[in-house]
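Protein chains: 2
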Amino acid sequence: MTVTDHDHPIDPARVAHARSRLPSADDAARLTGLLSLMADPVRLRLIYALDIVEELCVGDLALALNVSEDSVSYALRLLRTAGLVRTRKEGRVVFNRLADDFPAPLRDHCLRQLVALTRAEDVED
Amino acid sequence: MTVTDHDHPIDPARVAHARSRLPSADDAARLTGLLSLMADPVRLRLIYALDIVEELCVGDLALALNVSEDSVSYALRLLRTAGLVRTRKEGRVVFNRLADDFPAPLRDHCLRQLVALTRAEDVED
DNA sequence: CGGTTACCCGTAGATCCGTACGGGTGTCGA
DNA sequence: TCGACACCCGTACGGATCTACGGGTAACCG
Chain A
77 MTVTDHDHPI DPARVAHARS RLPSADDAAR LTGLLSLMAD PVRLRLIYAL
127 DIVEELCVGD LALALNVSED SVSYALRLLR TAGLVRTRKE GRVVFNRLAD
177 DFPAPLRDHC LRQLVALTRA EDVED
Chain B
77 MTVTDHDHPI DPARVAHARS RLPSADDAAR LTGLLSLMAD PVRLRLIYAL
127 DIVEELCVGD LALALNVSED SVSYALRLLR TAGLVRTRKE GRVVFNRLAD
177 DFPAPLRDHC LRQLVALTRA EDVED
């Protein structure tokens with residue numbers, strides 16, 4: 077059995093209420109796909125850097141984040157594939173910036189708010 | 077070589093600017109740890125459900141999310157370990173709710189905003 | 001009290017993910 | 001035109017992560 081082991085919910089009203097408002101599995105998948113892309117130190121800081129300075133090439137990103145170019149290149153590959161980052165080629169240098177349609181809520185709420193949150197969390201055990 | 081292949085940045089000013097504002101690798105790790113916990117369809121919907129109805133037991137959660145109890149139990153284990161969910165035992169039923177210190181920004185901005193975002197995104201290819 | 005319910009834990013197997021490495025393409029300078 | 005540079009891609013490997021399963025423990029029900 078994979079879905080339920082009991083078919084007499086303890087609080088049917090709440091179950092129904094939750095069910096009716098819950099995002100579909102499909103929407104959830106789309107959303108977690110996005111979140112997964114931010115749930116990585118390199119990508120998070122990369123996006124954060126681009127949010128600050130508009131545009132950076134791979135080598136400079138590696139310097140700014142203090143990680144390997146490989147790491148940056150791989151991160152950019154994923155973000156580009158997901159349509160979150162755009163590239164502009166100038167000579168032999170490739171500049172990267174956040175896509176025009178980079179989800180604004182993701183940027184405003186998730187990125188900035190949460191980074192700020194983490195900063196404030198010095199009062200920890 | 078693992079960190080850089082060139083040591084003459086193309087745009088030193090921007091690199092410096094980004095570097096100075098970037099969250100530390102440590103903060104980033106903490107933050108991505110949190111985001112990872114939400115970057116899973118079961119956990120995201122589970123948290124979303126608890127955000128709506130306050131309190132649910134494992135069996136009812138499985139019903140609401142339409143996933144196995146195992147899945148729910150595992151998700152709850154991780155969230156409990158991370159201190160994001162609290163349990164209350166009443167008889168043989170265990171009720172789960174979001175922890176009092178569940179990061180408010182995570183809840184307000186990330187959870188609600190992003191779910192709303194996904195809902196609005198019907199205008200896709 | 002013995003059986004059933006509701007749930008938890010530990011473990012093993014499959015799967016996904018990030019990193020490192022080798023090699024390739026296009027561009028610029030001499 | 002030749003070499004160096006900036007970057008990209010495909011692949012292989014190690015580690016993390018999710019799922020599924022078997023067993024265990026309280027609590028209620030007769």
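Protein chains in written order, with this note's numbering: chain A, 77 to 201; chain B, 77 to 201. Note that beta-carbon positions come from the ideal geometry of N, C-alpha and C, so glycine has one too. None of the values given here were measured: they were computed from a predicted structure.
Could you work out which residues of chain A lie near residue i, taking near to mean beta carbons separated by less than 9 Å?
i, result
"Y124 of chain B", "A94, R97, L98, P99 and A104"
"L190 of chain B", "L107, L110, L111, P179, P181, L182, H185 and C186"
Kindly list the residues whose CB is nearer than 6 Å to the CB of residue i, restricted to its own chain and excluding five residues on each side of it in sequence; keep chain order.
i, result
"R162 of chain A", "R173 and A175"
"F178 of chain A", "L160"
"L111 of chain A", "none"
"S147 of chain B", "V118"
Relative to the C-alpha of residue i, which candidate in the options has its C-alpha closest?
i, options, result
"E166 of chain A", "A:D116, A:V134, A:R90 and A:A192", "A:V134"
"V191 of chain B", "B:L107, B:H93, B:A89 and B:A125", "B:A125"
"A94 of chain B", "A:A138, A:R90 and A:D177", "A:A138"
"V118 of chain A", "B:P117, B:L122, B:D116 and B:S100", "B:S100"
"P85 of chain B", "A:L193, A:Y150 and A:A140", "A:A140"
"S144 of chain B", "B:D127, B:I128, B:L122 and B:V129", "B:L122"
Ignore the nearest five residues each way along the sequence and tell me which others in residue i's own chain have a CB closer than 8 Å to its CB.
i, result
"F171 of chain A", "E131, L132, C133, T163, R164 and K165"
"L107 of chain B", "P99"
"L113 of chain B", "R119, L154, L155, A158 and L160"
At what residues does the beta strand (DSSP E) containing residue i begin and finish?
i, result
"E166 of chain B", "V161 to E166"
Going along chain A in order, which residues have a C-beta closer than 7 Å to the C-beta of residue i?
i, result
"V91 of chain B", "D136, L139 and A140"
"L193 of chain B", "P179 and P181"
"V148 of chain B", "What V148 of chain B touches in chain A: nothing, since even the nearest Cβ is about 10 Å away."
In chain B, which residues lie with their C-beta within 8 Å of the C-beta of residue i?
i, result
"R121 of chain A", "L98, P99, A101 and A104"
"L132 of chain A", "D87, R90, V91 and A94"
DSSP puts residue i in a beta bridge; with which residues?
i, result
"L132 of chain B", "B:N172"
What residue does the alpha helix (DSSP H) around residue i start on, and which one ends it?
i, result
"L111 of chain A", "A101 to M114"
"V148 of chain B", "E145 to T157"
"H93 of chain A", "P88 to R97"
For residue i, which residues in chain B fall below 9 Å Cβ to Cβ?
i, result
"A115 of chain A", "L107, T108, G109, L110, L111, S112, L113, M114 and A115"
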